[in-house]
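Here the structure is laid out as C-alpha cells; the discussion comes afterwards.
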Amino acid sequence: MNGSSLRLLRLDPSWLAACMALDRRALDGFWSEAQWQRELTEPGRLCVGLVNGAELLGFACGWLVIDELHITALAVDPQHRQFGCGGRLLRALLQQAHQQGARQATLEVAADNAAALALYAAEGFTTTGRRSRYYSDGRDALIQWLELPS
C-alpha cells in the first residue's frame with residue numbers, strides 16, 4: 185500500500201455500497217443498509233473514509249450532539265490493518281467534529297479489543313466506565329472519553 189496515494193474524504197451516499205461491503209468484512213455487518221443510509225445523509229452525522237483510488241480502506245463515523253462527538257464506528261479493512269489507517273481516520277473524524285464545535289468525544293469499545301484500546305489510548309482517550317454485556321455476544325464494553333483542545 186502506497187501511503188502517498190491515500191486520501192481522506194467525507195463519505196456521502198455514493199459510498200453506500202462500499203461502506204456496507206467494508207462493514208461486512210471488518211465488523212461482521214454491524215449496520216443494516218437503512219442504518220448506513222442514515223449515517224451518510226442525516227444532519228449531525230459525520231463519516232470519514234480513507235480511500236486508495238476508488239477503494240474504501242476504512243471509515244470512522246460519529247454523531248455530533250451539541251458539543252459532543254459520539255463515535256459510533258471505526259473500521260479498517262483487515263488487509264490494511266497495522267499501517268496507521270485507524271489513527272488517520274480517528275484523527276480526521278475528531279478534527280471534523282472539533283471544527284463543527286465538538287469539545288469532547290466518547291465511544292464504547294469491546295473490553296477485549298486490545299488493538300482498538302491501544303489506538304484510543306494513543307490518541308488520549310481514557311476509560312470512564314464499563315457497560316456489562318453490552319454486545320449481543322455478551323462481551324462488555326468500556327466507555328472511553330476524550331476532551332478536545334479548546
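For any residue, its number in our numbering is found by taking its place in the sequence shown, counting from 1, and adding 184.
Just so it is clear, CB atoms sit at the ideal spot from N, CA and C, and this is done for glycine as well.
Neighbour-count burial assignment, residue i, 16 or more Cβ in a 10 Å radius
i: PHE214; result: exposed
i: ARG208; result: exposed
i: ILE255; result: buried
Inter-residue Cα distance where the pair is residue i and residue j
i: GLU307; j: VAL235; result: 22 Å
i: SER334; j: LEU211; result: 33 Å
i: ARG317; j: ALA295; result: 10 Å
i: GLU252; j: GLN219; result: 21 Å
i: LEU206; j: VAL232; result: 13 Å
i: GLU226; j: GLY237; result: 26 Å
i: GLY246; j: LEU330; result: 14 Å
i: LEU336; j: SER198; result: Residue numbering for the chain in the displayed model covers 185 to 334; residue 336 lies beyond these limits and cannot be assessed.
Reduced DSSP secondary structure (H/G/I, E/B, other) of residue i
i: ARG194; result: strand
i: ARG222; result: helix
i: SER189; result: helix
Residue range of the unbroken alpha helix (DSSP H) whose run includes residue i
i: ALA306; result: 298-306
i: GLU226; result: Where GLU226 is concerned, there is no enclosing alpha helix (DSSP H), given that its DSSP letter is neither H nor E.
i: GLY270; result: 269-283
i: THR209; result: Note that residue 209 is Arg in the sequence shown here, rather than Thr. Counting along the chain, the alpha helix (DSSP H) containing ARG209 begins and ends at 200-211.
Element boundaries [beta strand (DSSP E), containing residue i]
i: GLU292; result: 288-294
i: ARG314; result: 310-315
i: ARG229; result: 229-236
i: GLN328; result: 325-331
i: HIS254; result: 252-260
i: TRP247; result: 239-249
Distance CB(residue i)-CB(residue j) smaller than 8 Å
i: TYR304; j: GLN283; result: no
i: LEU332; j: GLN288; result: yes
i: CYS203; j: PHE243; result: yes
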